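Novice:
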Amino acid sequence: MTTNSNFLTRNRGILIFFVVMLLAPFLIGLLEGSSPAVVLANEGGLSKFLEGLGIEIFILAIFALSFDLLFGITGLLSFGHAMFFAVAAYLTGIALKTLQLPFWQVTLLVLLAAIVQALLFSIVLPRVKGITFTLVSLGLASVFHIIVMSSDMINLTGADVGLQGVPTPAFINPASERFRFYVIALIFLVATYIFYRRFVASPTGRVCVAIRENEDRAKMLGYSTTTFKVVAMIISSITASIAGMLHALYQPIISPTVADLGFTVTALLIVLIGGVGTLSGAIVGAFGFRLLDFTLRRFLGESASFVTGSVYVIFVLFVPYGIIGTLRLEKLSTRAGWKELFSRIRGNA
Amino acid sequence: MNNILEVQNIHSFINQYHILQNVDFVVPRGSITALLGRNGAGKTTTLKSILGLTSVRQGKVVFDGQEVQGMQPFEIAALGIGFVPEHRAIFRDLSVEENLKIAERNKGELDEKREFIFNLFPDLKRFLHLRGTELSGGQQQMLAIARALVADNHLLLIDEPSEGLAPVIIENMIDVIGQLSKQSTVILVEQNFLVASKLAEYFVIIEEGKSVETGLMKDLEADKAMIQRYLGAA
Chain A
1 MTTNSNFLTR NRGILIFFVV MLLAPFLIGL LEGSSPAVVL ANEGGLSKFL EGLGIEIFIL
61 AIFALSFDLL FGITGLLSFG HAMFFAVAAY LTGIALKTLQ LPFWQVTLLV LLAAIVQALL
121 FSIVLPRVKG ITFTLVSLGL ASVFHIIVMS SDMINLTGAD VGLQGVPTPA FINPASERFR
181 FYVIALIFLV ATYIFYRRFV ASPTGRVCVA IRENEDRAKM LGYSTTTFKV VAMIISSITA
241 SIAGMLHALY QPIISPTVAD LGFTVTALLI VLIGGVGTLS GAIVGAFGFR LLDFTLRRFL
301 GESASFVTGS VYVIFVLFVP YGIIGTLRLE KLSTRAGWKE LFSRIRGNA
Chain B
350 MNNILEVQNI HSFINQYHIL QNVDFVVPRG SITALLGRNG AGKTTTLKSI LGLTSVRQGK
410 VVFDGQEVQG MQPFEIAALG IGFVPEHRAI FRDLSVEENL KIAERNKGEL DEKREFIFNL
470 FPDLKRFLHL RGTELSGGQQ QMLAIARALV ADNHLLLIDE PSEGLAPVII ENMIDVIGQL
530 SKQSTVILVE QNFLVASKLA EYFVIIEEGK SVETGLMKDL EADKAMIQRY LGAA
């Protein structure tokens, strides 16, 4: 009983978020005159549309959480992070469409690939640090991006057009079972967040924070810092892969843009908006990022990118701690925020 | 074995720079040995070389009869060497308790030593749940030292403990380090000769990356010319 109440107290915020998000489609349905039964039957117009937007946000938030664990908690700025997401997305697509594997085998394959990729990135971890690691990770991901875009791979990946026509299992078909997909994505997001919070509070997580602050100090206490970075990398890779798999199941096309640097920058921006190293900032940032992009594109079309970019620059200049980071501060010092942000990016905060 | 540490003619590099160019000294078990010298002489690099944080390309570092040069820093630390870095190097984002807990090498070490540590540093007990950044400079230094006491360290390397601290806190620090030396051997890097001479029984003077003089602290105190020559203080 006490354990249950502790769990509820510790995770009050995210559980409230879960309930609100779960009820949101029904409330929106009521506003447009659709009964809960209509929403459940995936026949509500606006509620179904907003469920779709919600799914995109949840997937982005899971991906951004995985980025925050590496960058915000452990201090590893990887510019190849999109590779974890993209490999999972393409693997899901190819396994379902070309290999026609059962869904459980696809899931197993994606998880295995996530671990292999994390180990691949980990090979360089003891040798390179800071910005060098950032560039090496970018190099690794660029190789995958080139493979995906290669015309020789067109039958598997769809090259620059993207992978289309992935058969989604009927029980989570986003067209006919949108609400179920929405709930599954929401559960994954909430479970990931709760797991991450527990991980960061655990002794292993505390060592990851210590590594981010000063790796040499952590070594001097007797920690093999590489081992801890590999653990964080594996957890992060698995999480990003789950997001990538959901993306492949939800989107009609797996575009090669998910494999390029721009998609990693998306995760970085989301984390910067929400607050680096705060975890909940990744969720807040994903909402901010997707809703801003959606709204601006609706009114400004293609020129929205320019405005979006300007908003981010202004945001980093004046809110360097991000939304959640600023809310947690007792006193805001923009200059101190820049200093901390840049030292994190350099990798020696 | 009377010497817990033997530093034998070591040469260390930071990138392409040849920083230590023959440092050679021994540290008797149970003693406090002060590494003295001007700014930039190579004192901190000597500590980092012992710990493997700076690569030793020539010479030997023998700790408790075992050669440790070339080993990983975490392996060397795990042999029982605690390091208190300069600039009050605590983990700012962790609480006082987490800073102490993270120094455990075996589960339950902090609980075993809690009383001993809080007797030495009562302030830490009061501020157990504050984050590192919320402590004063003196408290951060106390926490940095306390962290090195959590695990069973036979040798403590303490780098500039009095740097930037008020005189009254320095007095407290001298008292604490004096008490620590009853449990562990201590190597102390200290710019403040008065602090070093109050604590240490042995000294090593490092000048331009070389150990130029070693001996008993009381002999150094009596040799004003040597103090003037190497430390610029009489």
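One line per chain: the protein sequences are A and B, in this order.
Under the numbering used here, the first residue of the first sequence is numbered 1, with each subsequent residue one higher.
Under the numbering used here, the first residue of the second sequence is numbered 350, with each subsequent residue one higher.
Every residue gets a Cβ at the ideal spot worked out from N, C-alpha and C, and that includes glycine.
All values derive from a computational prediction rather than experimental measurement.
Identify whether Val517(B) lies in helix, strand or coil by the three-state DSSP scheme.
Specialist: Within the second sequence, the letter at position 168 stands for residue 517(B). Three-state result, Val517(B): helix.
Novice: Taking Cβ-Cβ distances below 9 angstroms as the criterion, which residues of the region 399–415 of chain B are in contact with chain A?
Specialist: Cβ contacts with chain A: Leu400, Gly401 and Leu402.
Novice: Which residue from Pro169(A), Ala113(A) and Phe71(A) puts its Cα closest to that of Ser343(A)?
Specialist: As a first step, residue 343(A) must be located in the first sequence, where it is residue number 343. Nearest option by C-alpha distance: Phe71(A).
Novice: According to DSSP, what are the bridge partners of Pro377(B)?
Specialist: Position 28 of the second sequence, counting from 1, holds the residue named residue 377(B). BP columns for Pro377(B) point to Asn352(B).
Novice: Taking all protein chains shown into account, decide if Leu329(A) is buried (16 or more other Cβ within 10 angstroms of its Cβ) or exposed.
Specialist: Locating residue 329(A) in the first sequence gives position 329, counting from the first residue. Per the 10 Å Cβ criterion, exposed.
Novice: Based on the DSSP output, what are the partners of Glu562(B) in its beta bridges?
Specialist: The count along the second sequence starts at 1 and reaches residue 562(B) at position 213. Answer is Ile554(B), bridged to Glu562(B).
Novice: CA-CA distance, Gly352(A) and Ile576(B)?
Specialist: A question about residue 352(A) goes unanswered here, because the residues of chain A that appear run from 1 up to 349.
Novice: In this structure, does DSSP put Leu479(B) in helix, strand or coil?
Specialist: Here residue 479(B) refers to the residue found at position 130 when the second sequence is read from its first residue. Coil at Leu479(B), not helix or strand.
Novice: Run down chain A in chain order and give the residues with a C-beta less than 7 angstroms from the C-beta of Arg454(B).
Specialist: By one-based count along the second sequence, residue 454(B) stands at place 105. The answer, in chain order, is Gly222.
Novice: Which residues in the same chain as Ile363(B) place their Cβ atom closer than 8 angstroms to its Cβ, once the five residues preceding and following it in sequence are excluded?
Specialist: The count along the second sequence starts at 1 and reaches residue 363(B) at position 14. Contacts found: Thr394 and Thr403.
Novice: Could you name the residues of the region 225–248 of chain A whose beta carbon sits closer than 8 angstroms to any beta carbon of chain B, in the order they occur along the chain?
Specialist: Listed by position, the residues of the region 225–248 of chain A near chain B (Cβ gap below 8 angstroms) are Thr225.
Novice: For the region 366–378 of chain B, which residues have a CB atom closer than 9 angstroms to at least one CB atom of chain A, in sequence order?
Specialist: Result list empty, no residue passes.
Novice: With a 10 Å radius around its C-beta and 16 neighbouring C-beta atoms as the bar for buried, classify Phe7(A) as buried or exposed.
Specialist: For this step, residue 7(A) is matched to residue 7 along the first sequence. Burial call: exposed.
Novice: Can you give me the start and stop residues for the beta strand (DSSP E) that Lys409(B) sits inside?
Specialist: The residue given as residue 409(B) occupies position 60 in the second sequence. Looking at the DSSP string, the run of the beta strand (DSSP E) that includes Lys409(B) is Ser404 to Phe412.
Novice: Tell whether a beta-carbon distance below 8 angstroms holds between Ile536(B) and Leu498(B).
Specialist: For the purposes of this step, residue 536(B) is taken as the residue at position 187 of the second sequence. For the purposes of this step, residue 498(B) is taken as the residue at position 149 of the second sequence. Taking 8 angstroms as the Cβ cut-off, Ile536(B) and Leu498(B) do not qualify as a contacting pair.
Novice: Can you tell which of Leu246(A), Leu50(A), Ile254(A) and Val307(A) has the C-alpha that lies nearest to the C-alpha of Ala159(A)?
Specialist: Position 159 of the first sequence, counting from 1, holds the residue named residue 159(A). Residue Ile254(A) is the option with its Cα nearest to Ala159(A).
Novice: For Val209(A) and chain B, any beta-carbon pair shorter than 8 angstroms?
Specialist: Walking along the first sequence from the start, residue 209(A) turns up at place 209. Closer than 8 angstroms to some Cβ of chain B, the Cβ of Val209(A) qualifies, so yes.
Novice: Can the beta-carbon of Val230(A) be found closer than 8 angstroms to that of Ser66(A)?
Specialist: By one-based count along the first sequence, residue 230(A) stands at place 230. By one-based count along the first sequence, residue 66(A) stands at place 66. Not closer than 8 angstroms, so no.
Novice: Going by beta-carbon coordinates alone, are Ser35(A) and Ser47(A) separated by less than 8 angstroms?
Specialist: By 1-based counting over the first sequence, the position of residue 35(A) is 35. By 1-based counting over the first sequence, the position of residue 47(A) is 47. It is not a contact, given that the beta carbons lie outside the stated cut-off.
Novice: Report the residues of the region 436–468 of chain B with a CB closer than 8 angstroms to any CB of chain A, ordered along the chain.
Specialist: Per Cβ criterion, the list reads Ala438, Phe440, Arg441, Asp442, Leu443, Glu447, Lys450, Ile451, Ala452 and Arg454.
Novice: Chain B partners of Arg217(A), CB-CB under 9 angstroms?
Specialist: Within the first sequence, numbered from 1, the residue matching residue 217(A) stands at position 217. By Cβ distance, chain B contributes Phe432, Pro434, Ala438, Ile439 and Phe440.
Novice: Can you give the Cα-Cα distance for Ala95(A) and Ile55(A), rounded to whole angstroms?
Specialist: In the first sequence, residue 95(A) corresponds to position 95, counting from 1. In the first sequence, residue 55(A) corresponds to position 55, counting from 1. About 22 angstroms.
Novice: Within the continuous beta strand (DSSP E) that includes Leu221(A), where are the two ends?
Specialist: Translated into the one-based positions of the first sequence, residue 221(A) becomes position 221. No beta strand (DSSP E) holds Leu221(A); DSSP gives it neither H nor E.
Novice: If you reduce the DSSP assignment to three classes, tell me which class Ser361(B) lands in.
Specialist: What you label residue 361(B) is simply residue 12 of the second sequence in a count that begins at 1. Strand, per DSSP.
Novice: Specify, as a first and last residue, the run of the alpha helix (DSSP H) that Val106(A) falls within.
Specialist: Stepping through the first sequence from its first residue, residue 106(A) is reached at position 106. Per DSSP, Val106(A) belongs to the alpha helix (DSSP H) from Phe103 to Val124.
Novice: Below 9 angstroms between beta carbons is the criterion; list the residues of the region 189–207 of chain A that meet it against any residue of chain B, in chain order.
Specialist: Residues Pro203, Arg206 and Val207.
Novice: Verify the CB distance criterion: does Ala427(B) have a CB-CB separation below 8 angstroms to chain A?
Specialist: Within the second sequence, residue 427(B) is the residue found at index 78, counting from 1. Judged by the 8 angstroms Cβ criterion, Ala427(B) is in contact with chain A.
Novice: Taking 8 angstroms as the CB-CB cut-off, is Phe470(B) touching chain C?
Specialist: This model lacks chain C altogether, as its protein chains are A and B.
Novice: What residue from Leu317(A), Phe289(A) and Pro320(A) has the CA that sits closest to Thr308(A)'s CA?
Specialist: In the first sequence, counting from the first residue as 1, residue 308(A) sits at position 308. Taking only the C-alpha atoms, the option nearest Thr308(A) is Phe289(A).
Novice: Compute the Euclidean distance between the alpha carbons of Gln100(A) and Gln164(A), then round it to the nearest angstrom.
Specialist: Position 100 of the first sequence, counted from the first residue, corresponds to residue 100(A). Position 164 of the first sequence, counted from the first residue, corresponds to residue 164(A). For Gln100(A) and Gln164(A), the distance between alpha carbons rounds to 14 angstroms.
Novice: Report the residues of the region 479–512 of chain B with a CB closer than 8 angstroms to any CB of chain A, ordered along the chain.
Specialist: Taking 8 angstroms as the Cβ-Cβ cut-off against chain A, the residues of the region 479–512 of chain B that qualify are Arg496 and Ala500.
Novice: If I measure Cβ to Cβ from Ala349(A) and keep anything under 7 angstroms in the same chain, skipping five residues before and after, which residues do I get?
Specialist: Numbered from its first residue, the first sequence carries residue 349(A) at position 349. Confidence in Ala349(A) is poor, its pLDDT being 41 and thus under 50, which makes the residue's placement too unreliable to answer from.
Novice: Got a sec: is the Cβ-Cβ distance from Pro422(B) to anything in chain A below 8 angstroms?
Specialist: By 1-based counting over the second sequence, the position of residue 422(B) is 73. Judged by the 8 angstroms Cβ criterion, Pro422(B) is in contact with chain A.
Novice: Specify the secondary structure class of Asn371(B) as computed by DSSP and reduced to three states.
Specialist: Your numbering for residue 371(B) matches position 22 in the second sequence. In the structure shown, Asn371(B) sits in a strand (DSSP, three-state: E or B).
Novice: Would Gly189(A) be called buried (16 or more neighbouring beta carbons within 10 Å of its own) or exposed?
Specialist: The residue labelled residue 189(A) in the question sits at position 189 within the first sequence. Checking the sequence, you will find Leu at residue 189(A) rather than Gly. Buried: at least 16 other Cβ atoms inside 10 Å.
Novice: For Gly45(A), is the classification buried or exposed, using 16 other Cβ atoms within 10 angstroms of its Cβ as the cut-off for buried?
Specialist: Here residue 45(A) corresponds to residue number 45 of the first sequence, with the count starting at 1. With fewer than 16 other Cβ atoms within 10 Å, it is exposed.
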